[in-house]
Amino acid sequence: RIGSATSQSSAIINTRLQELVKLFKERTEKVKEKLIDPDATSDEESPVASKPAPAAAPVPPPGGDEEGDKPSGDDHYCEMLCCTFKCQPWLDRLKSYQFPSSIDPLTNLMYVLWLFFVVMAWNWNCWLIPVRWAFPYQTPANIHCWLLVDYFCDLIYLLDILLFQTRLQFVQGGDIITDKKAMKENYLRSQRFKMDVLCLLPLDFFYFKVGVNPLLRFPRCLKYMAFFEFNNRLEAILTKAYIYRVIRTTAYLLYSLHVNSCLYYWASAYEGLGSTTWVYDGEGNSYIRCYYWAVKTLITIGGLPDPKTLFEIVFQLLNYFTGVFAFSVMIGQMRDVVGAATAGQTYYRSCMDSTIKYMNFYKIPRTVQNRVKTWYEYTWHSQGMLDESELLVQLPDKMRLDIAIDVNYNIVSKVALFQGCDRQMIFDMLKRLRSVVYLPNDYVCKKGEIGREMYIIQAGQVQVLGGPDGKSVLVTLKAGSVFGEISLLAAGGGNRRTANVVAHGFANLFILEKKDLNEILVHYPESQKLLRKKAKKMLKNNNKPKDEKGGPGESLIIPPKAETPKLFKATLAATGRMGGKGPLARLRWRLKELKAMQA
Numbered sequence: 001r002i003g004s005a006t007s008q009s010s011a012i013i014n015t016r017l018q019e020l021v022k023l024f025k026e027r028t029e030k031v032k033e034k035l036i037d038p039d040a041t042s043d044e045e046s047p048v049a050s051k052p053a054p055a056a057a058p059v060p061p062p063g064g065d066e067e068g069d070k071p072s073g074d075d076h077y078c079e080m081l082c083c084t085f086k087c088q089p090w091l092d093r094l095k096s097y098q099f100p101s102s103i104d105p106l107t108n109l110m111y112v113l114w115l116f117f118v119v120m121a122w123n124w125n126c127w128l129i130p131v132r133w134a135f136p137y138q139t140p141a142n143i144h145c146w147l148l149v150d151y152f153c154d155l156i157y158l159l160d161i162l163l164f165q166t167r168l169q170f171v172q173g174g175d176i177i178t179d180k181k182a183m184k185e186n187y188l189r190s191q192r193f194k195m196d197v198l199c200l201l202p203l204d205f206f207y208f209k210v211g212v213n214p215l216l217r218f219p220r221c222l223k224y225m226a227f228f229e230f231n232n233r234l235e236a237i238l239t240k241a242y243i244y245r246v247i248r249t250t251a252y253l254l255y256s257l258h259v260n261s262c263l264y265y266w267a268s269a270y271e272g273l274g275s276t277t278w279v280y281d282g283e284g285n286s287y288i289r290c291y292y293w294a295v296k297t298l299i300t301i302g303g304l305p306d307p308k309t310l311f312e313i314v315f316q317l318l319n320y321f322t323g324v325f326a327f328s329v330m331i332g333q334m335r336d337v338v339g340a341a342t343a344g345q346t347y348y349r350s351c352m353d354s355t356i357k358y359m360n361f362y363k364i365p366r367t368v369q370n371r372v373k374t375w376y377e378y379t380w381h382s383q384g385m386l387d388e389s390e391l392l393v394q395l396p397d398k399m400r401l402d403i404a405i406d407v408n409y410n411i412v413s414k415v416a417l418f419q420g421c422d423r424q425m426i427f428d429m430l431k432r433l434r435s436v437v438y439l440p441n442d443y444v445c446k447k448g449e450i451g452r453e454m455y456i457i458q459a460g461q462v463q464v465l466g467g468p469d470g471k472s473v474l475v476t477l478k479a480g481s482v483f484g485e486i487s488l489l490a491a492g493g494g495n496r497r498t499a500n501v502v503a504h505g506f507a508n509l510f511i512l513e514k515k516d517l518n519e520i521l522v523h524y525p526e527s528q529k530l531l532r533k534k535a536k537k538m539l540k541n542n543n544k545p546k547d548e549k550g551g552p553g554e555s556l557i558i559p560p561k562a563e564t565p566k567l568f569k570a571t572l573a574a575t576g577r578m579g580g581k582g583p584l585a586r587l588r589w590r591l592k593e594l595k596a597m598q599a
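So, in structure tokens, the structure goes:
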């Protein structure tokens, strides 16, 4: 029994020891990964770049290649001649498609596409109702075609009310509401619902009494809120929204001329076609002739025949007043649209003009003025702006971080100095980077200057100069390279530049200032220790050849002595503590003298 108990206890101890060894190995592997991989240094979750990860490869089904050759039950195949082709089951997908329970009106592109169809239906009513009312284009022979398109547009209006507007998300108290009942109640209480119901008034039943009169469909034009919403959503997703604004403003002008031409034909028909010289004479294409008259009236070109009757005089006066007002409004709106489209170019030109005026006032040399102009032109054409930080300053801190990760993280994460640092520290550092453009042959930094920043090359190349004349190219640094990091981290007089760095061509650099890095490192002591250690090592490697090797003609007055053996040092120390005055004490005093002379 004693032997069996001993063996059991020894087995338990061995098992426990093996578990401890396994835990120590796992801990060692984790520490190694943290030292090697900078992304694994922080245990907390950090924001990542908004780039989708590649999809995982599908796992092959068990059973090997035999089952892979057989078509599965979910696949669809069609036989043609002697071959079998796999066809797309689009009909099944269409049947299995489920309409979303809630729609985000700000980001959902499907909703923008649907608004496009609603706006097309609205434009059909706005443009064609006046034409069908004034001109004799609607006849009993083609009435069925007009009614078919009319009721198709009404169906689009109805689907917009039943399927889309009742599913739109909204914000209440800072929360995004996606509940079906709440979304429906929010739409029913809105002004949009009242206008949508009003535009679908069933006045078509009066067709049985008064005939098919297009004016009974005039309420369909009240769905203007969908038009303005479509404009806002489309401008938000377009890269050059000013082009659409110009087209829309031009359409406003064309529509006003269109309505005026319809009114002119109606007035001519009321007076009698060809009854006077002022009315339309009934020759040629009626719409084109009336549209030409409307253009001359609204733009006040002149050269029109004088009205004869009182009705013609009143109609012409109203046309002139309306034309002056509408034309002035269109010109003002077009000016605003063009001004908004060229606002950036105007700002760039004003900044450049102010700088040139300043340089001319102080009589700056022409060569310096040319370099300043070149910097303005290259910075504007390469970046589209003079200072990137002006755009990001209005964004919240989280959004600025997301943009900085997408733009700069791939470059900064490859810097050897920051390998192994806390990942969140890298994110904080990305927000402090400042972009600067250097012209060809510009000095980025000079030897002996106090180093207060570090440089990361975003685009272009820089050359490190040295040699006896200070003009020999020692090395050329390309995009992704880093320099100035030693001066950024060194202390105690070691923060001076050790070489001249010149831009080779146009160079776009990221700058990280020393005060910004120090403010960041306060919150990351482990990363601060690691960076200090790397900086000391880099500084030691840079100074090592100078410290260990003297110049070609140098000679030491007192040659360096060999290191004293440890046992001899211990003996001297014991003699000193005992206060002895024998030969060992005298020898110890002599060694001190030699050290003083050598120093």
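In UniProt numbering, the protein residues as written are 1 to 599.
Virtual Cβ for every residue (Gly too), placed ideally from N, Cα, C.
Give a yes or no on whether the C-beta atoms belonging to residue i and residue j are separated by under 8 Å.
i              : j                 : result
residue 622    : alanine 241       : It is not possible to answer for residue 622, since the shown part of the chain is limited to 1 through 599.
methionine 425 : isoleucine 520    : yes
lysine 115     : arginine 233      : First, the amino acid is wrong: residue 115 is leucine here, not lysine. Yes, these two residues count as a Cβ contact at 8 Å.
arginine 371   : leucine 439       : yes
tyrosine 265   : phenylalanine 135 : yes
leucine 474    : phenylalanine 483 : no
isoleucine 152 : isoleucine 103    : In the sequence under discussion, the amino acid at residue 152 is phenylalanine, which differs from the isoleucine named in the question. Not in contact: phenylalanine 152 and isoleucine 103 (Cβ atoms no closer than 8 Å).
isoleucine 161 : aspartate 196     : yes
arginine 192   : asparagine 125    : no
valine 437     : phenylalanine 327 : no
leucine 386    : asparagine 408    : no
alanine 503    : aspartate 442     : yes
valine 393     : cysteine 445      : no
leucine 222    : leucine 198       : yes
glutamate 526  : aspartate 406     : no
threonine 249  : valine 337        : yes
glutamine 138  : tryptophan 127    : no
lysine 514     : leucine 488       : yes
glutamate 453  : arginine 496      : no
methionine 330 : leucine 253       : yes
Within a Cβ cutoff of 6 Å, which residues of the same chain sit near residue i, ignoring the five residues on either side of it in sequence?
i                 : result
leucine 20        : none
aspartate 43      : Confidence at aspartate 43 is low in this model, with a pLDDT of 42, below 50, so its placement is unreliable and the value that follows should be read with caution. Once the five neighbours on either side are set aside, aspartate 43 has no close Cβ partner at all.
threonine 297     : Asn319 and Gly323
arginine 16       : none
phenylalanine 315 : Ala267
Note the first and the last residue of the continuous alpha helix (DSSP H) segment covering residue i.
i             : result
aspartate 353 : 343–361
tyrosine 378  : 366–383
proline 288   : Proline is not the amino acid found at residue 288; the sequence shown has isoleucine there. Looking at the DSSP string, the run of the alpha helix (DSSP H) that includes isoleucine 288 is 286–298.
lysine 414    : Counting along the chain, lysine 414 falls outside any alpha helix (DSSP H), and DSSP gives it neither H nor E.
aspartate 428 : 423–430
In terms of residues, what are the limits of the beta strand (DSSP E) holding residue i?
i             : result
histidine 504 : 500–513
threonine 476 : 472–477
serine 435    : 434–438
alanine 445   : The sequence given here places cysteine at residue 445; alanine does not occur at that position. Residues 443–445.
valine 464    : 453–466
Report all residues from its chain with a CB closer than 7 Å to the CB of residue i; omit the five preceding and five following residues, and keep chain order.
i             : result
residue 626   : What the structure shows of the chain is the stretch from 1 to 599, and residue 626 is not part of that stretch, so it cannot be assessed.
isoleucine 12 : none
aspartate 69  : Residue placement at aspartate 69 is flagged as unreliable, the pLDDT there being 45, under the threshold of 50; a coordinate-derived value is accordingly withheld.
Beta-carbon within less than 8 Å of residue i's beta-carbon, same chain only, minus the 5 sequence neighbours each way: which residues are those?
i                 : result
residue 608       : Outside the displayed range of the chain (1 to 599) lies residue 608, so it cannot be described from this structure.
valine 171        : Ile177
phenylalanine 208 : none
aspartate 65      : Low per-residue confidence applies at aspartate 65: pLDDT is 45, beneath 50, and the placement is therefore not dependable enough to give any value.
glycine 272       : Val279
isoleucine 143    : Val212
arginine 27       : none
leucine 430       : Leu401, Ala404, Ile405, Asn408, Tyr409 and Val412
tyrosine 376      : Tyr348, Cys351, Met352, Thr355 and Leu386
Whole beta strand (DSSP E) elements within the segment 173–240, 3-residue minimum: Unbroken beta strand (DSSP E) stretches of 3 residues or longer found wholly inside the segment 173–240: 175–177, given in chain order.
Length-filtered (4 minimum) alpha helix (DSSP H) runs lying within the segment 113–179: Within the segment 113–179, the complete alpha helix (DSSP H) runs of at least 4 residues are 143–159.
Cβ contact (3+ pairs, closer than 8 Å) linking the segment 272–285 and the segment 244–262: Counting Cβ pairs under 8 Å, fewer than three are found: no touch.
Any 3 or more C-beta pairs closer than 8 Å across the segment 504–522 and the segment 443–458: Because the criterion of three Cβ pairs below 8 Å is met, the segment 504–522 and the segment 443–458 touch.
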